[in-house]
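Peer 1: For the record, the sequence lines run as chains W and S. Residue 307 in the numbering used here is what sits at position 156 of the first sequence, and the numbering runs on without skipping anything. Residue 357 in the numbering used here is what sits at position 206 of the second sequence, and the numbering runs on without skipping anything. I have a structure I would like to understand better, so I am pasting it below and will then ask my questions one at a time.
There are 2 protein chains.
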Amino acid sequence: MLCVSAHLVTVEIDRDSPVPLYHQLAEQLSGAIADGRLQPGDPFENEVALAARLALSRPTVRRAIQEMVDQGLLVRRRGLGTHVANRKVHRRAELTSLWDDLRREGRHPSSSVVSLETVTDERAAAALDLPADSPLLRVVRVRSADDAPIAYLHNWLPPRFSDVTREELEETGLYAALRARGVKPVVARQTIGARMPTPTERRHLGIRGQQPVLTMSRMAFDAAGNAVEFGDHCYRAEDYSIDIMVDER
Amino acid sequence: MLCVSAHLVTVEIDRDSPVPLYHQLAEQLSGAIADGRLQPGDPFENEVALAARLALSRPTVRRAIQEMVDQGLLVRRRGLGTHVANRKVHRRAELTSLWDDLRREGRHPSSSVVSLETVTDERAAAALDLPADSPLLRVVRVRSADDAPIAYLHNWLPPRFSDVTREELEETGLYAALRARGVKPVVARQTIGARMPTPTERRHLGIRGQQPVLTMSRMAFDAAGNAVEFGDHCYRAEDYSIDIMVDER
DNA sequence: GTCAAGACTTTGTCCTTACATTCTGATATA
DNA sequence: TATATCAGAATGTAAGGACAAAGTCTTGAC
Chain W
152 MLCVSAHLVT VEIDRDSPVP LYHQLAEQLS GAIADGRLQP GDPFENEVAL AARLALSRPT
212 VRRAIQEMVD QGLLVRRRGL GTHVANRKVH RRAELTSLWD DLRREGRHPS SSVVSLETVT
272 DERAAAALDL PADSPLLRVV RVRSADDAPI AYLHNWLPPR FSDVTREELE ETGLYAALRA
332 RGVKPVVARQ TIGARMPTPT ERRHLGIRGQ QPVLTMSRMA FDAAGNAVEF GDHCYRAEDY
392 SIDIMVDER
Chain S
152 MLCVSAHLVT VEIDRDSPVP LYHQLAEQLS GAIADGRLQP GDPFENEVAL AARLALSRPT
212 VRRAIQEMVD QGLLVRRRGL GTHVANRKVH RRAELTSLWD DLRREGRHPS SSVVSLETVT
272 DERAAAALDL PADSPLLRVV RVRSADDAPI AYLHNWLPPR FSDVTREELE ETGLYAALRA
332 RGVKPVVARQ TIGARMPTPT ERRHLGIRGQ QPVLTMSRMA FDAAGNAVEF GDHCYRAEDY
392 SIDIMVDER
């Protein structure tokens, strides 16, 4: 008999932890894929065996596996078993800030706040589900990577964030400031386009000659569906592109 | 007692149908949101009551609700209940073709095939997980909406699709041709950028003056993680923008 | 030797039950 | 009156069992 045994990943489940068992399991199994203990194409231990080995119920194990399937880490096929997916379809956290993106790439992000003031803006207010005359905090920044400007950013925030300071924005970024106030954007609608830069944009981004900008406007929402931020940004197209995974739901 | 009773949606479950009960339920409830029977902010019937009313188990009902939460249609909060989400966070099927997008907007899409030939291409082959010298079917098209060109499209397909014809592409679009062969892309990695058009692109897209193009390259995969298509496209930035929902997973 | 039927493996669906956690609102106490 | 506690309502987590469906592989018949 040909015994293609799946590599058994060591998993430790802490039943006293407040983090759900299925999530503990998914985290540790994801770790095994991330650090190469499990390679794309490798067969995955089957659900029932895994459940028996870890003394977990099958639904719990299934839920962990489903979490990983949703992240594109695993592929399941009836009768065939579960396998580690092609690395190209792995999704990482999607809703990231440019700041975090640059850090992950090993570059050194910095921000300079061009202006920080309270304004009214009809389009931003509509995006934030607020009355058109609501006072909004408008943040205008230039984002650089390794001291070369790559983005000219406009953000509008609801009044409750009016205590955000210039220093905070320059040191940690906008999304960190929101996180510090207990707000976590989890879903956003983005519209991406391209156009020629305005003279102001050319100056801030150091654009010479005929080079376009990539534009992105974003409405971001928290888990409860409340709008938390509206942004309208433009990027030096020469140095920046947007990389996303899209999927059917 | 203040009785805020949720509007009861009529649901009919067919236990003999091959389609899973949770999916039947999710479809019918989604329909109620789509056609306005349930409005954003409306309280949703709670899980246990819904399960009792429909003679379904609670896990089955929960699975249907989870499906809708994943589509951004519902928001659940412990202790608070389930509510219909803000319409702005509703996701529709994301991985759509430009052809379908235009149809949905009520415009009239058409394609003209510029060339259709078998080639080798190192970059496309790498994206498709094939050897660099694999023969690939390359499709070059101009996509128009209401007879005005908006996109210049390059696609590379694995050899098994070499029977795709020019007529088929012009009448139904590429994704329909794939569907007809039992292949369904479900996830794609897209890279979006901007640049100035080449003379060829200017000619095909009818671009005058200093106008950039929006570029998008896409690697598409089926549910098993097999690469099914690689595309490299450019769009008239004046007439086209890319609209996507991104979320944390 | 080839093809078909059936056994086996694995995931998919569905049920029942139990208890935990979180938030609201009402009651009771100071 | 204001605060703290408690009950109620809703979702979240977890277990265990049963059967269905899909795909592979072996076995058996011709």
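Using N, Cα and C, we set each Cβ at its ideal position, and we do this for glycine too.
Taking the alpha carbon of Gly403/W as the reference point, which residue from Ser263/W, Asp272/W and Ala388/W has its own alpha carbon closest?
Peer 2: Given that chain W is displayed from residue 152 to residue 400, the structure contains no residue 403/W and the question cannot be resolved.
Peer 1: Near His305/S, which residues of its chain fall below 6 Å by C-beta distance, leaving aside the five closest residues on each side in sequence?
Peer 2: Position 154 of the second sequence, counting from 1, holds the residue named residue 305/S. Counting only Cβ-Cβ distances below 6 Å, and skipping sequence neighbours, we find Val291 and Asp383.
Peer 1: Pairing CB atoms from the stretch 373–389 of chain W with CB atoms from the stretch 168–186 of chain S, are three or more of them under 8 Å?
Peer 2: The stretch 373–389 of chain W, when compared against the stretch 168–186 of chain S, does not touch it at the 8 Å Cβ threshold.
Peer 1: Could you list which residues in chain W have their beta carbon closer than 7 Å to that of Pro309/S, in chain order?
Peer 2: In the second sequence, counting from the first residue as 1, residue 309/S sits at position 158. Per Cβ cutoff of 7 Å: no residues; Pro309/S is ~14 Å from chain W at best.
Peer 1: On the three-state DSSP scale, how would you describe Pro300/S?
Peer 2: Start at 1 with the first residue of the second sequence, and residue 300/S comes out as number 149. Here Pro300/S sits in strand by DSSP.
Peer 1: Go through its chain and collect everything with a Cβ distance to Arg317/W's Cβ below 7 Å, but skip five positions before and after it.
Peer 2: Numbered from its first residue, the first sequence carries residue 317/W at position 166. Cβ within range, chain order: Val264 and Leu267.
Peer 1: So Asn197/S contacts chain W; which residues on that side make the cut at Cβ distance below 7 Å?
Peer 2: As a first step, residue 197/S is located in the second sequence; it is residue number 46 there, counting from the start. Result: empty, since nearest Cβ-Cβ is about 17 Å, beyond 7 Å.
Peer 1: Could you name the residues of the same chain whose beta carbon sits closer than 6 Å to that of Tyr391/W, not counting the 5 residues immediately before and after it, in chain order?
Peer 2: Taking the first residue of the first sequence as 1, we reach residue 391/W at position 240. Closer than 6 Å at the Cβ level, and outside the excluded window around Tyr391/W, lie Ile301.
Peer 1: To the nearest angstrom, report how far apart Leu153/S and Asp167/W are at their CA atoms.
Peer 2: Locating residue 153/S in the second sequence gives position 2, where the first residue counts as 1. Locating residue 167/W in the first sequence gives position 16, where the first residue counts as 1. Its pLDDT being 31, under 50, Leu153/S is placed unreliably by the model, and the measurement read from it follows with that caveat. Approximately 39 Å, taken between the alpha carbons.
Peer 1: Can you check whether the C-beta of Asp413/W is within less than 9 Å of a C-beta belonging to chain S?
Peer 2: Outside the displayed range of chain W (152 to 400) lies residue 413/W, so it cannot be described from this structure.
Peer 1: Let me check understanding here. Comparing Cα to Cα, which of Leu180/S, Val199/S, Leu172/S and Glu163/S lies closest to Asp193/S?
Peer 2: Here residue 193/S corresponds to residue number 42 of the second sequence, with the count starting at 1. Measuring from the Cα of Asp193/S, the nearest candidate turns out to be Leu180/S.
Peer 1: Is the distance from the Cβ of Ala338/W to the Cβ of Asp398/S below 9 Å?
Peer 2: Locating residue 338/W in the first sequence gives position 187, where the first residue counts as 1. Locating residue 398/S in the second sequence gives position 247, where the first residue counts as 1. A small fix is needed here, since residue 338/W is Val in this sequence, not Ala. It is a contact, given that the beta carbons lie within the stated cut-off.
Peer 1: For Val270/W and Arg353/S, I'd like the C-alpha separation in whole angstroms.
Peer 2: Numbered from its first residue, the first sequence carries residue 270/W at position 119. Numbered from its first residue, the second sequence carries residue 353/S at position 202. Rounded to the nearest angstrom, the two C-alpha atoms are 41 Å apart.
Peer 1: List, in chain order, every chain W residue whose beta-carbon is nearer than 8 Å to that of Val226/S.
Peer 2: As a working mapping, residue 226/S is identified with position 75 in the second sequence. Result: Ala374, Ala375 and Gly376.
Peer 1: How is the beta strand (DSSP E) around Thr161/S delimited, first residue to last?
Peer 2: Along the second sequence, one-based indexing puts residue 161/S at 10. Counting along the chain, Thr161/S falls outside any beta strand (DSSP E), and DSSP gives it neither H nor E.
Peer 1: Looking at chain S, is there any beta carbon in it that lies within less than 9 Å of the beta carbon of Arg400/W?
Peer 2: Position 249 of the first sequence, counted from the first residue, corresponds to residue 400/W. Output row for Arg400/W: interface = yes.
Peer 1: For His384/W, which three-state DSSP category applies?
Peer 2: To locate residue 384/W, count along the first sequence from 1; it is residue 233. In this structure, His384/W counts as strand in the three-state DSSP scheme.
Peer 1: List the whole-angstrom C-beta distance separating His259/S from Ala296/S, where the pair is believed to meet the contact cut-off of C-beta under 8 Å.
Peer 2: Residue numbering aside, residue 259/S sits at position 108 when the second sequence is read from its first letter. Residue numbering aside, residue 296/S sits at position 145 when the second sequence is read from its first letter. Right, the Cβ-Cβ distance comes to about 7 Å (below 8 Å), so this counts as a contact.
Peer 1: Would Gly187/W pass as an interface residue toward chain S - the criterion being a Cβ-Cβ separation below 9 Å?
Peer 2: Indexing the first sequence from 1 puts residue 187/W at position 36. Output row for Gly187/W: interface = no.
Peer 1: Among the candidates Glu256/W, Arg238/W and Val293/W, whose CA atom is the shortest distance from the CA of Asn377/S?
Peer 2: Along the second sequence, read from residue 1 onward, the residue named residue 377/S stands at position 226. Asn377/S has its Cα closest to that of Arg238/W, out of Glu256/W, Arg238/W and Val293/W.
Peer 1: Output needed for Ala328/W: all residues of its chain with C-beta closer than 6 Å, excluding positions within five of it in sequence on either side, in chain order.
Peer 2: Within the first sequence, numbered from 1, the residue matching residue 328/W stands at position 177. So the qualifying residues of the chain are Val315 and Glu319.
Peer 1: Within 9 Å (strictly less), CB to CB, does Pro363/W reach chain S?
Peer 2: Taking the first sequence and counting its residues from 1, one reaches residue 363/W at position 212. It does: the Cβ of Pro363/W has a partner Cβ on chain S nearer than 9 Å.
Peer 1: Does the beta carbon of Thr351/S sit closer than 9 Å to a beta carbon anywhere in chain W?
Peer 2: For the purposes of this step, residue 351/S is taken as residue 200 along the second sequence, with counting starting at 1. Cβ-Cβ to chain W under 9 Å: no for Thr351/S.
Peer 1: Take Arg340/S as the anchor and find which of Ser368/S, Phe195/S and Ala203/S has the nearest alpha-carbon.
Peer 2: Counting from 1 along the second sequence, the entry for residue 340/S is found at position 189. When each option's Cα is compared against that of Arg340/S, the closest is Ser368/S.
Peer 1: Considering only residues of the stretch 179–235 of chain W, which uninterrupted beta strand (DSSP E) runs meet the minimum length of 3 residues and lie entirely inside it, listed in chain order?
Peer 2: DSSP runs (the beta strand (DSSP E)) wholly in the stretch 179–235 of chain W: 225–228 and 232–235.
Peer 1: Give the range of the beta strand (DSSP E) segment to which Arg369/S is assigned.
Peer 2: As a first step, residue 369/S must be located in the second sequence, where it is residue number 218. Arg369/S -> beta strand (DSSP E) spans Val364 to Phe372.
Peer 1: How many Å lie between Leu224/S and Glu196/S at the Cα?
Peer 2: Position 73 of the second sequence holds residue 224/S. Position 45 of the second sequence holds residue 196/S. Those two C-alpha atoms are separated by around 14 Å.
Peer 1: Once you ignore the five residues that flank Ala278/W on each side, which residues in its own chain have a CB closer than 7 Å to its CB?
Peer 2: In the first sequence, the residue the question calls residue 278/W occupies position 127. Same-chain partners within the cutoff: Met370, Ala378 and Phe381.
Peer 1: Per DSSP, which one or two residues make a beta bridge with Leu320/S?
Peer 2: Here residue 320/S refers to the residue found at position 169 of the second sequence. Per DSSP, none; premise fails for Leu320/S.
Peer 1: Please confirm whether Thr211/S has its beta-carbon closer than 9 Å to some beta-carbon of chain W.
Peer 2: Here residue 211/S is taken as the residue at index 60 of the second sequence, counted from 1. For Thr211/S, the answer is no, since every Cβ of chain W falls outside 9 Å of its Cβ.
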